[in-house]
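Residue numbers (the working numbering), protein chains in the order written: chain A, 39 to 151; chain B, 5 to 121.
Here a beta-carbon is modelled for each residue, glycine too, at the ideal position from N, C-alpha and C.
Structure record follows, encoded as structure tokens.
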């Protein structure tokens, strides 16, 4: 069984550039979560989709961040324009209907210089 | 809001000794509690959960957790630690989302476990 797939695994970009992170949830899972992890702030939930619909985006830091889930197999997290303080590891997780545990991808390490 | 607290940033234990990683919770209603482990440069991995039933929950890699309602705790335990258990451990609680429905997990700050020879 393939787990949650994230791409790219590493991204280095310059301040002001657009960054797009991608996620493929586990097949059959209907909920998808985007998290950000830093040493200073720990693990933060950015946004949560249920059946491709955004349910809770209260964790999205500001308008520079946007997320979409056009279908059950794909989601993107976009940062435009990127800033050095966006440097972090971004995780995607998915969950099957009727359960509570989430399954995490390997993460994307973003460095904004 | 639901929350969990992990009072120790780091726990050190010798290989072969029992280990405990502490977690306390604050919830309204019945708690749904979880433990995750994160190895370096990896995503979080689900270890075990408590929803209902026996207070002692068994999970992956020989870990178990004890739910204690009177002490509002859900401590992670292992009878004999291995060097390979060294990792970052997160406690989490289910939180129902009032607007829009569904539920999410609220994670603790994490406890770094270091198992030494």
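So with CB distances below 8 Å, who are the chain A contacts of residue i?
{"i": "residue 106 of chain B", "result": "69, 86, 88, 93, 94"}
{"i": "residue 38 of chain B", "result": "138, 139"}
{"i": "residue 53 of chain B", "result": "138, 139"}
Could you check what DSSP says for residue i in three-state terms: helix, strand or coil?
{"i": "residue 50 of chain A", "result": "strand"}
{"i": "residue 92 of chain A", "result": "strand"}
{"i": "residue 114 of chain B", "result": "coil"}
{"i": "residue 84 of chain B", "result": "coil"}
{"i": "residue 104 of chain A", "result": "strand"}
{"i": "residue 121 of chain B", "result": "coil"}
{"i": "residue 56 of chain B", "result": "coil"}
{"i": "residue 49 of chain B", "result": "strand"}
{"i": "residue 14 of chain B", "result": "strand"}
Give the residues of chain B in contact with residue i, contact being defined as C-beta atoms less than 9 Å apart.
{"i": "residue 129 of chain A", "result": "47, 48"}
Any heavy atom of the ligand GTP within a distance shorter than 7 Å of the CB on residue i?
{"i": "residue 5 of chain B", "result": "Within the structure as shown, the ligand GTP is missing, as the structure has no ligands at all."}
Check the Cβ of residue i against every Cβ in chain B and list those closer than 8 Å, keeping chain order.
{"i": "residue 49 of chain A", "result": "Chain B residues near residue 49 of chain A: none, gap ~15 Å exceeds 8 Å."}
Give me whichever residues DSSP pairs with residue i in a beta bridge.
{"i": "residue 72 of chain B", "result": "B:77"}
{"i": "residue 126 of chain A", "result": "A:148"}
{"i": "residue 67 of chain B", "result": "DSSP output for residue 67 of chain B lists no bridge partner at all."}
{"i": "residue 132 of chain A", "result": "A:70, A:141"}
{"i": "residue 19 of chain B", "result": "The partner list for residue 19 of chain B (beta bridge, DSSP) is empty, contrary to what the question assumes."}
{"i": "residue 99 of chain B", "result": "B:108"}
{"i": "residue 7 of chain B", "result": "B:30"}
{"i": "residue 60 of chain A", "result": "A:45, A:114"}
{"i": "residue 109 of chain A", "result": "A:112"}
{"i": "residue 75 of chain A", "result": "A:81, A:127"}
{"i": "residue 92 of chain B", "result": "B:42, B:116"}
{"i": "residue 36 of chain B", "result": "In the DSSP output, where bridge partners are listed per residue, residue 36 of chain B has none listed."}
Could you tell me which chain B residues have their CB closer than 7 Å to the CB of residue i, listed as they occur along the chain?
{"i": "residue 143 of chain A", "result": "47"}
{"i": "residue 83 of chain A", "result": "108"}
Mind pulling the chain A residues with CB within less than 7 Å of residue i?
{"i": "residue 113 of chain B", "result": "80"}
{"i": "residue 26 of chain B", "result": "Within 7 Å Cβ-Cβ: nothing; residue 26 of chain B doesn't reach chain A, min ~17 Å."}
Quick one: list the residues of chain A neighbouring residue i, beta-carbon separation under 9 Å, in chain order.
{"i": "residue 67 of chain B", "result": "None at all; the shortest Cβ gap to chain A is about 14 Å."}
Worksheet item: Should the segment 20-31 of chain B be regarded as contacting the segment 64-77 of chain A, the criterion being three or more beta carbon pairs within less than 8 Å?
Response: Under the Cβ criterion (8 Å, minimum of three pairs), the segment 20-31 of chain B does not count as touching the segment 64-77 of chain A.
Discussion item. Tell me whether the segment 6-19 of chain B and the segment 144-151 of chain A touch, counting them as touching only if at least three CB pairs, one residue from each stretch, are closer than 8 Å.
Written reply: The way I'd put it, the segment 6-19 of chain B doesn't touch the segment 144-151 of chain A; fewer than three beta-carbon pairs between them come closer than 8 Å.
Discussion item. Across the segment 103-118 of chain A and the segment 58-71 of chain A, are there enough close Cβ pairs to call them in contact, namely three or more that are closer than 8 Å?
Written reply: Short answer: they touch.
Worksheet item: Three or more beta-carbon pairs under 8 Å between the segment 56-73 of chain B and the segment 60-71 of chain A, yes or no?
Response: The way I'd put it, the segment 56-73 of chain B doesn't touch the segment 60-71 of chain A; fewer than three beta-carbon pairs between them come closer than 8 Å.
Worksheet item: Pairing CB atoms from the segment 132-139 of chain A with CB atoms from the segment 65-72 of chain A, are three or more of them under 8 Å?
Response: Counting Cβ pairs under 8 Å, three or more are found: they touch.
Discussion item. Quick test of the definition: if touching needs 3 or more C-beta pairs under 8 Å, does the segment 29-48 of chain B touch the segment 88-97 of chain A?
Written reply: No contact exists between the segment 29-48 of chain B and the segment 88-97 of chain A.
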